[in-house]
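Protein chains: 2
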Amino acid sequence: MRLTRQTDYALRTLIYLSLNEDRLCTISEIAETYDISRNHLMKVVQRLGALGFAETLQGRSGGLRLARASEAINVGDVVRAFEDDMALVECFDPDTNECIITGACGLQGTFRRALAAFLAVLSEYSVADIARSQRKLRRLLAAHA
Amino acid sequence: MRLTRQTDYALRTLIYLSLNEDRLCTISEIAETYDISRNHLMKVVQRLGALGFAETLQGRSGGLRLARASEAINVGDVVRAFEDDMALVECFDPDTNECIITGACGLQGTFRRALAAFLAVLSEYSVADIARSQRKLRRLLAAHA
């Protein structure tokens, strides 16, 4: 049970942007600081823009920033939006499900409740909450800039 | 976010065994009924035995059965035992983690709480609970036997 790398990078990017709310950041600086693939990050940033979590400004003096205050960006919302595949078990996806006991088996309901509990915890937190240790975070990011 | 096929098959096998508690079942009949790979199921059954969820008896009249009553086999325990990789995000695995903000970032704690909530829900259920619709289950299994 793992989240995708996209979700992971999306959250790291939002943390980065929340610590630099006063300016536009670039994909290159974020990729270099975290030492992650620039190409991979580019796709993440496009999605962050399309989903309304970040604003991207094109052009030479372009860059990206949070679309709203970090307090108003919910971690549960980000995970829900980025995890395309929340089909914990086969029967969650009616298009591909071949399990013959679907409908009689109690697992689907049980896993749905467990997933809801998982997401409910994430929804208690904003990007500001997970980036609360600002001084520590700034120090670590600066050391790798 | 998906569970492994092994975990899925382990739970289906336990449901099957719980509906046939009065006799020994064979890997072949379970694989045929669910229309799943016999080889894959064999590995699952070996693990179910090693982990103490099922008992396997070798030989011509051999087979497998639950190691204890289905009421005493907890779904959360099965998922915890079968999901080797509960490293939701990179920083959950200190051996491979390269994220530079580990320790300052609030995500690790947040995801740990979410995962605990997920498993807590699963731990409310036994194999008997998820196989409660016995008549329906028996009908579906018989139709594919």
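As given, the protein sequences belong to chains A and B, one line each in that order.
Following our numbering, the numbering of the first sequence begins with 4 at its first residue and continues without gaps.
Following our numbering, the numbering of the second sequence begins with 4 at its first residue and continues without gaps.
The C-beta atom is built at its ideal place from N, Cα and C for all residues, glycine as well.
Please read all numbers here as calculations on a predicted model, not as lab measurements.
Exercise. How about residue 51 (chain A): is its C-beta nearer than 7 Å to some C-beta of chain B?
Worked result: Answer no: the Cβ-Cβ gap between residue 51 (chain A) and chain B never drops below 7 Å.
Exercise. Which residue from B:74, B:40, B:85 and B:109 puts its Cα closest to that of residue 52 (chain B)?
Worked result: Among B:74, B:40, B:85 and B:109, the Cα nearest to that of residue 52 (chain B) is on B:85.
Problem set entry | Residues in the region 114–130 of chain A having any Cβ partner in chain B nearer than 9 Å | Of all residues in the region 114–130 of chain A, 114, 116, 117, 118, 119, 120, 121, 122, 123, 124, 125, 127 and 128 have a Cβ within less than 9 Å of some Cβ in chain B.
Problem set entry | Touching by the beta-carbon criterion (3+ pairs, under 8 Å), the region 39–46 of chain A and the region 113–129 of chain B | The count of Cβ pairs closer than 8 Å, one atom from the region 39–46 of chain A and one from the region 113–129 of chain B, stays below three, leaving the stretches out of contact.
For this session: Given a cut-off of 7 Å, decide if residue 6 (chain A) and residue 91 (chain B) are closer than it, judged by their beta-carbon atoms.
Result: Yes, the Cβ-Cβ distance between residue 91 (chain B) and residue 6 (chain A) is below 7 Å.
For this session: Determine the chain A residues that contact residue 30 (chain B) at a beta-carbon separation under 9 Å, and present them in chain order.
Result: Ordered by position in chain A, no residue passes the 9 Å Cβ test against residue 30 (chain B), which lies about 17 Å from the chain.
Exercise. Comparing alpha-carbon positions, which option in B:107, B:139, B:117 and B:142 lies nearest residue 136 (chain A)?
Worked result: Considering only alpha carbons, the answer is B:107.
For this session: Can you tell me the Cβ-Cβ gap for residue 82 (chain A) and residue 122 (chain A), rounded? I've got them flagged as a contact below 8 Å.
Result: Contact check for residue 82 (chain A) and residue 122 (chain A): beta-carbon distance about 7 Å, within the 8 Å limit, so the pair qualifies.
Problem set entry | Contact set for residue 101 (chain B): own chain, Cβ-Cβ below 8 Å, skip 5 residues either direction | Closer than 8 Å at the Cβ level, and outside the excluded window around residue 101 (chain B), lie 93.
For this session: Assign residue 28 (chain B) to one of three DSSP states: helix, strand, or coil.
Result: Note: residue 28 (chain B) maps to strand in three-state DSSP.
Exercise. List, in order along the chain, the chain E residues whose C-beta lies closer than 8 Å to that of residue 135 (chain A)?
Worked result: Note that chain E does not occur in the displayed structure, where the protein chains are A and B.
Exercise. With distances taken between CB atoms, is the gap from residue 113 (chain B) to residue 133 (chain A) smaller than 7 Å?
Worked result: Contact flag set, yes.
Exercise. So, using beta-carbon positions, are residue 68 (chain B) and residue 58 (chain B) closer together than 7 Å?
Worked result: Cβ distance < 7 Å, so residue 68 (chain B) and residue 58 (chain B) count as in contact.
For this session: Measuring only between beta-carbons, confirm whether residue 76 (chain B) sits less than 7 Å from chain A.
Result: By this cut-off, residue 76 (chain B) is not an interface position.
For this session: Select from the region 66–94 of chain A all residues with a C-beta closer than 7 Å to any C-beta belonging to chain B, and list them in chain order.
Result: The residues in question are 78, 86, 88, 89, 90, 91, 92 and 93.
For this session: Please check if any C-beta of chain B sits within less than 7 Å of the C-beta of residue 147 (chain A).
Result: It does; some Cβ of chain B falls within 7 Å.
Exercise. Considering only residues of the same chain and omitting the five flanking positions on each side of residue 71 (chain B), which have a CB-CB separation below 8 Å?
Worked result: Around residue 71 (chain B): no qualifying Cβ.
Exercise. Over what stretch of residues does the alpha helix (DSSP H) that includes residue 144 (chain B) continue unbroken?
Worked result: Residue range 137–147 is occupied by the alpha helix (DSSP H) that includes residue 144 (chain B).
Exercise. At a CB-CB cut-off below 7 Å, which residues of chain A make contact with residue 44 (chain B)?
Worked result: Neighbours of residue 44 (chain B) on chain A: none; closest Cβ ~14 Å, over 7 Å.
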